[in-house]
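Quick note: the sequence shown uses the working numbering, first residue 2, plus one each step.
Take a look at the structure set out below.
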Amino acid sequence: MSLLDSGPDLVTVYPTVEVDDGYGGTKPGPGEPVTLRARVLPATSDESGEPGYLTGTEYRVYARSLPAGPWSRVEWAGHVWAVVGEPQHFGGSRRLAHDVATIRKRG
Numbered sequence: 002m003s004l005l006d007s008g009p010d011l012v013t014v015y016p017t018v019e020v021d022d023g024y025g026g027t028k029p030g031p032g033e034p035v036t037l038r039a040r041v042l043p044a045t046s047d048e049s050g051e052p053g054y055l056t057g058t059e060y061r062v063y064a065r066s067l068p069a070g071p072w073s074r075v076e077w078a079g080h081v082w083a084v085v086g087e088p089q090h091f092g093g094s095r096r097l098a099h100d101v102a103t104i105r106k107r108g
């Protein structure tokens, strides 16, 4: 079994679907939640030297298949996270194919 299939973190992804905006058009909205096993690792941290200020940390989510996009919402470790940009899709063989998304805490 691959490390991509048995990640230690349980992640819930709310993929983006098009919903009616009430004006005859569409807008991005939350879809049905998908819970999957993933590996979440820290990516960057904004270290402000001033005491009392929060530091912003981004994480990378590694999964076999990640149904996320720039408007998707991710729930992990008891917090709600936003996906930063488009997830990266790495192809190759079936054993090596995986998706990587960068997430940032909302709020």
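Built from N, CA and C at the ideal position, the CB exists for glycine as well.
Around the Cβ of Y24, a 10 Å sphere holds fewer than 16 other Cβ atoms; the residue is exposed. Secondary structure in the segment 7-54: the beta strand (DSSP E) runs of 3 residues or longer, each lying completely within the stretch, are 10-15, 17-21, 27-31 and 35-46 in chain order. According to DSSP, residue pairing for A64 in a beta bridge involves D100.
Under DSSP, R74 shares a beta bridge with Y15 and A83. If you ignore the 5 residues before and after D6, its C-beta comes within less than 8 Å of the C-beta of R38 and R65, all in its own chain and listed in chain order.
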